[in-house]
Amino acid sequence: MENLRRLWQFARRPQEFIFDPSGEWLYRWRIFVAIAFLYNGLAIVCRSCLVGLQTKYLAGWMAVDYIADSVYVADIVVKMHTGFMEQGILVKASDRIRPRYLRTLKFKLDALSLLPTDLLLIAVGTNYPEVRFNRLLRASAFFEALDQHETRTSYPKSFRVFKLIIYIIFIIHWNACIYFALSKHIGFGVDKWVYPNISNPAFATLTRQYIYSFYFSTVVLTTVGDFPRANNEKEYLFMVFDFMVTIFVFATIVGNLGSIISSLNEHKDHFQAQVTSVKQYMKNRNVERQTEMKVATWFEFLRSSDQIFSEEMVLNLLPEKLRAAVAINIHLNTLQKVEIFKNCEIKLLEELVLKLKPQLSSPGDYVCHKGDIGKEMYIIKEGNLAVVSDDASVTYAVLGDGTYFGEISILNIKGSKAGNRRTANIRSNGYSDLFRLSKEDLTEVLQEFPAAREILEEKGRQILTKMNLLDLEDASAVVDTTALEQQLDSIEKSVDELQTRMARIMAEHSAVKRKIKVRVRRLEKALKKPRRTVTSESENKLSSSSSFSDLE
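full-length UniProt numbering numbers the first residue of the sequence shown as 1 and each following residue consecutively.
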């Protein structure tokens, strides 16, 4: 009762239980629903056709049936609380989710698949499991689960093969059960085409009934080997139907299976074609045997280490944001191991990660020579490099996975005794997988992070000081110059602020000046108006007095 109460509360409060259609929980739940459908699809037809299979294990079948029905019921509840995508936005409003699902054909089929047809067993008896055939209307959930798993798995082609094998077994299984049911209808053992008479103990067991029928169905659908000739209309119709299935359905599935298996080696075949082209080119150009062997060894390394694909080519298939997310996930920890990049802000490191370029070195290849201008720094992903003398007779050190070199030269630190030139010869002992960061890319990124540039240069000076490779006088001069530049920058900022203030004051002055002019004009107008009135009144008085004197 407690579980029923919770389920009712769950259904009454849909706004609190909205599932993401692409979420992990719903993905796993769909697998359970697919298993329930697969059970119904395989068991119901088998129990309906094979003699005694239903009655012999009735209690077990009914228990599993009701478990599958419970999964179906729960699936409807889950679908009523599963959001949907609208213009890329997940809709979580329950007042839109439920009506949308209830209007779909999927809901109607889901509801029909749960009709209590098991109640008919009370009237017809328990030996008629075919009353549960409506459970097969939940087929869309099965295909949906397979499609979603195919997009999520790391081996989509292998899973596609597995999916097609399931379809093939499903068709053969159903055809085998129908063949056995037809044999029972015609009569066991009446001819060589039908199933042998079950009165023979060798053909009476359930295992033999199913295996024989499955074998017959496989032979007919694959048209492999000889099978007995049909003898009456019903047998002819069954064979015609099977041949049609073979032509239109089975052949399509088997053809797809063959193409998928062929495509499993598609990239390897393309790679082998490239190898053949290179070998043919070297043969036509009479390239030395030693160089040919070196090229062949290089291709063999790429094949054995599964580096057939170009990392840059693969990442270019993704949109910019996803490409950045993948690169950060792969390379960020590697970049943080470099001394000068430790404790740097994450935004800077994320920008640098996008600039890392992969590089492969063959045995004996020099990554850099002593005295070369340093234009890149390197991080060893896999392999080992040797620090050797000029004539390569002495090995001073061996650099392994996760180590790095060349980080100081790309910073171009003033006062470095080595300048921006390499201080050692570094050679690859075997095939080495490296990451390369160029000076141009670092400079481009640091333009957006000026504070980080100062921090990196200071770290570089500290490292050079420990190695006794920093000229203190030049470094101090650089520091003084830097301080002077900072002072000039602050003065420029102050001047800019003063200019801004002066411009603001001048604007305010002009505005006040305009306001004063307007007020003066208004006052002048106000003063002129009374004077005109007084003058007109005095003139009227003078004229009236003069006329009076004339009368006298």
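Using N, Cα and C, we set each Cβ at its ideal position, and we do this for glycine too.
Asked, Found
"Would you mind working out which of Val387, Leu348, Asn343, Leu354 sits nearest Ile328, comparing C-alpha positions?", "Leu354"
"Inspect the beta-carbon positions of Ala111 and Arg30 and report whether they are closer than 8 Å.", "no"
"Have a look at Asp391, Ala526, Leu102, Leu411 and flag the residue whose alpha-carbon is nearest the alpha-carbon of Val78.", "Leu102"
"What is the rounded straight-line gap between the Cα of Ser545 and the Cα of Glu524?", "In this prediction, Ser545 has a pLDDT of 47, which is less than 50 and means its spatial position is unreliable; what the coordinates show is noted afterwards. Approximately 33 Å, taken between the alpha carbons."
"Pick out whichever of Lys414, Lys381, Val249, Ser393 has its Cα sitting closest to the Cα of Phe405.", "Lys381"
"Please report the straight-line C-alpha distance between Leu318 and Ile330, rounded to a whole angstrom.", "15 Å"
"By the three-class DSSP mapping on this structure, what secondary structure does Met377 have?", "strand"
"Could you work out which residue in Lys108, Gly23, Glu440, Cys49 is closest to Gly83 when comparing CA atoms only?", "Gly23"
"For Ala503, does the count of other Cβ atoms within 10 angstroms reach 16, so buried, or fall short, so exposed?", "exposed"
"Return the CA-CA distance between Phe301 and Gln274, expressed in angstroms with no decimal places.", "15 Å"
"Any idea what DSSP makes of Asp390, helix, strand or coil?", "coil"
"According to DSSP, is Glu86 part of a helix, a strand, or is it coil?", "strand"
"Where does the unbroken beta strand (DSSP E) through Leu360 begin, and where does it stop?", "357-361"
"Tell me whether Ser395 sits in a helix, a strand or coil according to DSSP, three-state version.", "Here residue 395 turns out to be Thr, not Ser, going by the sequence shown. Correct three-state label for Thr395: strand."
"Can you check which of these residues, Leu146, Lys234, Leu221, is closest to Ile186 by C-alpha distance?", "Lys234"
"Unbroken beta strand (DSSP E) runs of length 3 or more, entirely within the stretch 58-130: which are they?", "84-86, 89-91"
"Would you list, in sequence order, the uninterrupted alpha helix (DSSP H) runs of no fewer than 4 residues that lie entirely inside the stretch 195-248?", "206-222, 233-245"
"Taking C-alpha atoms, which residue in Leu360, Gln280, Asn175, Pro99 lies nearest to Gly430?", "Leu360"
"Give the secondary structure of Tyr431 by DSSP, where H, G and I count as helix, E and B as strand, and everything else as coil.", "coil"
"Measuring straight from C-alpha to C-alpha, what distance separates Met62 and Phe271?", "55 Å"
"Roughly how many whole angstroms lie between the Cα atoms of Asp269 and Thr276?", "10 Å"
"Residue ranges of each alpha helix (DSSP H) run of no fewer than 4 residues wholly in the stretch 140-166, ordered along the chain?", "none"
"What is the C-beta distance between Glu351 and Val445, in whole angstroms, given that I count them as a contact (C-beta under 8 Å)?", "5 Å"
"Counting pairs of beta carbons, one from the stretch 250-264 and one from the stretch 155-171, are three or more of them closer than 8 Å?", "yes"
"Out of Arg208, Phe216, Phe143, state which residue places its alpha-carbon closest to the alpha-carbon of Ile178.", "Phe216"
"Using the rule of at least 16 other Cβ atoms within 10 Å of the residue's Cβ for burial, across every protein chain shown, is Asn316 buried or exposed?", "exposed"
"Tell me whether the beta-carbon of residue 576 lies closer than 8 Å to the beta-carbon of Asp441.", "An answer regarding residue 576 cannot be provided, because it is not within the stretch 1 to 552 covered by the chain."
"Given a cut-off of 8 Å on the beta-carbon distance, is the pair Asn425 and Lys370 in contact?", "yes"
"When the Cβ atoms of the stretch 190-206 are set against those of the stretch 62-72, are three or more pairs found closer than 8 Å?", "no"
"What separation, rounded to the nearest whole angstrom, lies between the Cα atoms of Asp480 and Arg152?", "In this predicted model, Asp480 has a pLDDT of only 49, less than 50, meaning its place in the structure is not dependable; the value taken from the coordinates is given anyway. Looking at the two C-alpha atoms, the distance is approximately 59 Å."
"So which of Ile35, Val51, Cys368, Leu456 has the shortest CA-CA distance to Asp75?", "Ile35"
"Have a look at Pro363 and Trp298 and give me their C-alpha separation to the nearest angstrom.", "9 Å"
"Does the beta-carbon distance from His173 to Leu42 come in below 8 Å?", "yes"
"Mind listing, in chain order, the continuous beta strand (DSSP E) runs of no fewer than 3 residues lying wholly within the stretch 10-51?", "none"
"Assuming contact is defined by CB atoms lying nearer than 8 Å, are Leu221 and Ile171 in contact in what I supplied?", "yes"
"Bridge partners of Leu446, per DSSP?", "According to DSSP, Leu446 bridges with nothing at all."
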